[in-house]
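Please read the structure below before turning to the comments.
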Amino acid sequence: MSETLLTPIEIGLTAAIVAIEDHEPLILTARGSDGLAGLPFGPFDAPSHRTFEIGLRAWVEEQTGLRLGYVEQLYTFGDRGRHAEAGDTAAHMVSIGYLALTRAVDGELAATGASFEPWYRFFPWEDRREEPPAIIARDIIPALTRWAEEETPETSRALPRRDRVRFYFGLDGAPWDEERVLDRYELLYEAGLVEEARRDGRPAALARKALPALGISMRFDHRRILATGIARLRAKLKYRPVVFELLPADFTLTELQHTVEAVSGRHLHKQNFRRLVETEALVEPTGVMSTQTGGRPAALYRFRREVLQERPAPGLRVRSRR
1 MSETLLTPIE IGLTAAIVAI EDHEPLILTA RGSDGLAGLP FGPFDAPSHR
51 TFEIGLRAWV EEQTGLRLGY VEQLYTFGDR GRHAEAGDTA AHMVSIGYLA
101 LTRAVDGELA ATGASFEPWY RFFPWEDRRE EPPAIIARDI IPALTRWAEE
151 ETPETSRALP RRDRVRFYFG LDGAPWDEER VLDRYELLYE AGLVEEARRD
201 GRPAALARKA LPALGISMRF DHRRILATGI ARLRAKLKYR PVVFELLPAD
251 FTLTELQHTV EAVSGRHLHK QNFRRLVETE ALVEPTGVMS TQTGGRPAAL
301 YRFRREVLQE RPAPGLRVRS RR
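According to full-length UniProt numbering, the sequence shown is numbered sequentially starting from 1.
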């Protein structure tokens, strides 16, 4: 019987750890020896860690000094070539991605080399709180349009390139869907417009003389994992009260709105948002006023935990003004 040569497999654990500060969504990053920003990650040590989540929490605390609270598994990322190794003989890395939310944004991380960075630095086209980002009309759509025009029967998919560009980026009357973060990133990767595609040796990227500056690239496939985490969090806002994991115990309604806007990347109508909060009965007044609003004192509220027993999917199904 001939021997079968098996490719070694390593299991890695990667965390997209999200916090909010000054109305900005932040992601915890740790710089590697190559100088690139990356998500906290490390190999799963089966003898030391009974479960993947235990291993993840241990790795994050070791690399960043941060103890995680809320954690949920995102996805298993296992495509060959994810780590851009030269050749194809290195161990195949399968990464279990996790989303974690925290209120901790402090100086304790400094000694570890980790830091929180605004996630819109990595995805500048996703922040539509003011106006659609100029980078979309200036750089992304012209490049994607040229790429779509190059489509041939050999490169065609069930949904043509032109239609995917239109659907994912909200063109020609198509609505912008804030949850399609990963679809938009994957489209830019497929078109060879992000640095990760060039680094991974994708022909579409190698054929380009220069790449547009479309956000900060990350190590390995960490920007793909981050896109998955952002999409998951934006979706969960609508059916789970996860936003309160990013807020202090007591908060104003303005702080709540700014936090929802920061995560969703959309501007919300103030009165409509407050009516929605009242209808969903997710919060209750504390009876205390905040004097740190920069203006008139504002009432403080807290999350009403009884809602978790009252209905199965409590969340904020918000609609933007545009």
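No residue lacks a Cβ here, since even glycine has one placed at the ideal position from N, Cα and C.
Computed from a predicted model, the values in this text were never measured in an experiment.
Status (buried if at least 16 other CB within 10 Å, exposed otherwise) for residue i
i    : result
A100 : buried
Q73  : exposed
G78  : exposed
A197 : buried
S48  : exposed
E62  : exposed
Y185 : buried
Y239 : exposed
G114 : Residue identity differs from the one stated: residue 114 is Ala in this sequence, not Gly. Per the 10 Å Cβ criterion, buried.
P153 : exposed
L66  : buried
T102 : buried
G87  : Per-residue confidence for G87 stands at a pLDDT of 49, beneath the threshold of 50, marking its modelled position as unreliable; no derived number is given.
S95  : buried
G287 : exposed
A313 : exposed
T155 : exposed
R305 : exposed
A231 : buried
I136 : buried
L159 : exposed
G229 : buried
I9   : exposed
T145 : exposed
E310 : exposed
R180 : buried
G64  : It is worth fixing the name first, because residue 64 is Thr in this sequence and not Gly. When all chains shown are included, T64 counts as buried.
M93  : buried
Residue i vs residue j beta-carbon contact at 8 Å
i           : j    : result
T252        : L300 : yes
A227        : L182 : yes
V277        : L233 : no
V105        : E24  : no
W147        : R161 : yes
residue 344 : Q257 : Outside the displayed span of the chain (1 to 322) sits residue 344, for which this structure offers no information.
L206        : E195 : no
L26         : A37  : no
I140        : W125 : yes
A174        : E190 : no
residue 325 : R166 : Past the edges of the chain, shown from 1 to 322, lies residue 325, and the structure says nothing about it.
G12         : F52  : no
E245        : G69  : yes
Short CB-CB distance (under 8 Å) between residue i and chain C
i    : result
R266 : Chain labels in this structure do not include chain C; a single protein chain is all it has.
Best match in the options for proximity to residue i [C-alpha to C-alpha]
i    : options                   : result
D302 : R296, Q309 and P285       : Inspection of the sequence shows that residue 302 is occupied by Arg rather than by Asp. Out of R296, Q309 and P285, P285 has the C-alpha closest to the C-alpha of R302.
A143 : D200, D127, M93 and R208  : R208
G315 : D250, R304 and K236       : K236
L188 : R50, E117 and G215        : G215
D221 : I9, A16 and P8            : A16
L56  : Q257, P8 and T14          : T14
L308 : V242, D127 and F116       : V242
S217 : T29, A298 and I11         : T29
G35  : R219, A298 and G42        : R219
E150 : F122, P132, A134 and G192 : G192
R138 : E178, A213, E117 and R223 : A213
V283 : F122, F273 and Y168       : F273
K270 : T254, E280 and T279       : T254
Query - alpha helix (DSSP H) runs wholly inside the region 259-292, at least 4 long, in chain order - result: 270-280
Query - Complete alpha helix (DSSP H) runs within the region 144-228 (minimum length 4 residues, chain order) - result: 161-169, 181-190, 195-199 and 203-206
Requested in this report: Report the residue ranges of all beta strand (DSSP E) runs contained in full by the region 7-95; include only those spanning at least 3 residues, in chain order.
Outcome: 9-21, 24-31, 41-43 and 70-77
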